[in-house]
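S.K.: Protein chains in written order, with my numbering: chain A, 1 to 248; chain B, 1001 to 1093. By construction, the Cβ of each residue, glycine as well, lies at the ideal position given by its N, Cα and C atoms.
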Amino acid sequence: MKWRVIPLEANDAFMNMAIDEAVCESVASAKPQPTIRFYTWTPSAVSIGYFQSLNDEVDVNVARELSVDIVRRRTGGGAVYHDAKGEITYSVIAPVSMMPEGIRESYQMICGWIIDSLKNLGIESEFKPINDIIAGGKKISGNAQTRRNGVLLQHGTLLYDLDVRTMFTLLKVPKEKISDKMIQSVEERVTKVLNFGNFSVQDVYDSMLKGFTHGKEYEIGSLSGNEVIRAKRLAEERYKTDEWNYRR
Amino acid sequence: MNGVSTEKVAGGKLLRVKVEFGEKIDKVRITGDFFAHPEDVIEKIESSLAGLALSATEDEIRNKVENVIAKTSADIVGIDAASIARNIIRAIQ
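1) At what residues does the alpha helix (DSSP H) containing Gln33 (chain A) begin and finish?
2) Do the stretch 1076-1088 of chain B and the stretch 1011-1023 of chain B touch if we need at least three Cβ pairs shorter than 8 Å?
3) Considering only residues of the stretch 51-80 of chain A, which uninterrupted beta strand (DSSP E) runs meet the minimum length of 3 residues and lie entirely inside it, listed in chain order?
4) Which of the residues in the stretch 1017-1029 of chain B, read from start to end, lie with their CB under 8 Å from any CB of chain A?
5) Against chain B, with Cβ distances strictly below 9 Å, would Arg238 (chain A) count as a contact?
6) Specify the secondary structure class of Ile1025 (chain B) as computed by DSSP and reduced to three states.
7) Is Pro100 (chain A) closer than 9 Å to Gln108 (chain A) when the C-beta atoms are compared?
8) Name the two residues that bound the continuous alpha helix (DSSP H) containing Ser117 (chain A).
9) Need the endpoints of the beta strand (DSSP E) that Val151 (chain A) sits in, please.
10) Determine the direct distance from the alpha carbon of Glu1058 (chain B) to that of Val190 (chain A), and round the result to whole angstroms.
11) Output yes if chain A places a C-beta closer than 9 Å to the C-beta of Asp1033 (chain B); else output no.
12) If we ignore side chains and look at the alpha-carbon of each, how far apart do Gly77 (chain A) and Asn245 (chain A) end up?
13) Could you tell me the distance, in whole angstroms, from the CA atom of Asp56 (chain A) to the CA atom of Gly49 (chain A)?
14) Please check if any C-beta of chain B sits within less than 9 Å of the C-beta of Arg74 (chain A).
15) What does the alpha-carbon distance come out to for the pair Ala220 (chain A) and Lys210 (chain A)?
16) Report the residue ranges of all beta strand (DSSP E) runs contained in full by the stretch 1026-1050 of chain B; include only those spanning at least 3 residues, in chain order.
17) Could you tell me the alpha carbon to alpha carbon distance between Tyr39 (chain A) and Ile134 (chain A), rounded to whole angstroms?
Shown next, in the form of structure tokens:
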């Protein structure tokens, strides 16, 4: 089956999540086209996992002060700070029939495409179950997956740059722990592409495009008109609403 | 009364269980950075535990959770029935 690849674009948090869902709906239709999309988050945002409590995870007042959006994902996993210039996010949306049946195996397969992407930059990395990729022993990519209506959605981020201090003012860690020591310890556990060389965002995107499409039949495409309409509606009616974002 | 229990499940994910209870368990809220699909399995587990006697044992709670997971054919990654049961008991103690 030929893949559709939607090139790197910037959207706000609500549209990013709504586009994923709109594409999931079209992939669940009678004529599915598996899709890979690449995107960034403008303005910067925090996404929380489907099962997380927003109030437990995010300092809403700080997010408001910094004009950082907050959105609940359809996928599980943890809270993520998506710096507008600090990462590239991908989504893979495909019929489950195209993917390994096991959750761990399908994580491993798609995470393999990120590992290939990093290899294109000369960065060695490895899959760390359940859903992480590590380089130099530190986390460089987090990923989250769900399956619904016969469609697999996996999205994840590749850390390009990282503003740990901003991340900690947004994510709810007891204030007394936001010390240089704490930041140092996070930096010991997390890494970023820039730690491995002076790469541009374009370099990283080019390597991801190559890593994700290697060996696949694909075409560069865009969202259909119906997907755009549906995504805008989902953004307004679900992803921007308190009912959705504060449901836990 | 309200009780909360949080655990980073060994080899898994963070699980936080909040329980509202009086003479029985009134409401259970399960949150964390785990994965589950279909996602509504967690709400079904929460509903199945409401109304449970405070005297319910960890094994009884675990069995109840396992039954819901089996009925919904759900895949849960990062937490399990045993960790949910363990934390409910801790939350009401």
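M.R.: On the basis of the supplied data:
1) Position 33 of the first sequence, counted from the start, is the residue given in the question as residue 33 (chain A). No residue range can be given for Gln33 (chain A), since it is assigned to no alpha helix (DSSP H) and is classified by DSSP as neither H nor E.
2) A contact exists between the stretch 1076-1088 of chain B and the stretch 1011-1023 of chain B.
3) Entirely contained in the stretch 51-80 of chain A, the beta strand (DSSP E) runs reaching 3 residues are, in chain order, 69-72.
4) Here the close residues are Arg1029.
5) For the purposes of this step, residue 238 (chain A) is identified with residue 238 of the first sequence, where counting begins at 1. Taking Cβ atoms only, chain B never reaches closer than 9 Å to Arg238 (chain A), which makes this a no.
6) By 1-based counting over the second sequence, the position of residue 1025 (chain B) is 25. Three-state result, Ile1025 (chain B): strand.
7) Translated into the one-based positions of the first sequence, residue 108 (chain A) becomes position 108. Translated into the one-based positions of the first sequence, residue 100 (chain A) becomes position 100. The criterion of a C-beta distance shorter than 9 Å is satisfied by Gln108 (chain A) and Pro100 (chain A).
8) As a working note, residue 117 (chain A) is residue 117 in the first sequence. It spans 103-120 - the alpha helix (DSSP H) in which Ser117 (chain A) sits, taken as one unbroken run.
9) If you number the first sequence from 1, residue 151 (chain A) lands on position 151. Segment 151-159, the beta strand (DSSP E) holding Val151 (chain A).
10) For this step, residue 190 (chain A) is matched to residue 190 along the first sequence. For this step, residue 1058 (chain B) is matched to residue 58 along the second sequence. Each residue's alpha carbon lies about 37 Å from the other.
11) Stepping through the second sequence from its first residue, residue 1033 (chain B) is reached at position 33. At least one chain A Cβ lies under 9 Å of Asp1033 (chain B).
12) For this step, residue 77 (chain A) is matched to residue 77 along the first sequence. For this step, residue 245 (chain A) is matched to residue 245 along the first sequence. Spanning the two alpha carbons is a distance of roughly 15 Å.
13) For the purposes of this step, residue 56 (chain A) is taken as residue 56 along the first sequence, with counting starting at 1. For the purposes of this step, residue 49 (chain A) is taken as residue 49 along the first sequence, with counting starting at 1. Straight-line spacing of the CA atoms in Asp56 (chain A) and Gly49 (chain A) works out to 12 Å.
14) Against the first sequence, residue 74 (chain A) aligns to sequence position 74. It does: the Cβ of Arg74 (chain A) has a partner Cβ on chain B nearer than 9 Å.
15) Taking the first residue of the first sequence as 1, we reach residue 220 (chain A) at position 220. Taking the first residue of the first sequence as 1, we reach residue 210 (chain A) at position 210. In the sequence as displayed, the identity of residue 220 (chain A) is Ile instead of Ala. Computed Cα separation, rounded: 12 Å.
16) Residue ranges of uninterrupted beta strand (DSSP E) with 3 or more members, entirely inside the stretch 1026-1050 of chain B and ordered along the chain, are 1035-1037.
17) Residue mapping note: residue 39 (chain A) aligns to position 39 of the first sequence, counting from 1. Residue mapping note: residue 134 (chain A) aligns to position 134 of the first sequence, counting from 1. Using only the alpha carbons, I get a separation of about 21 Å.
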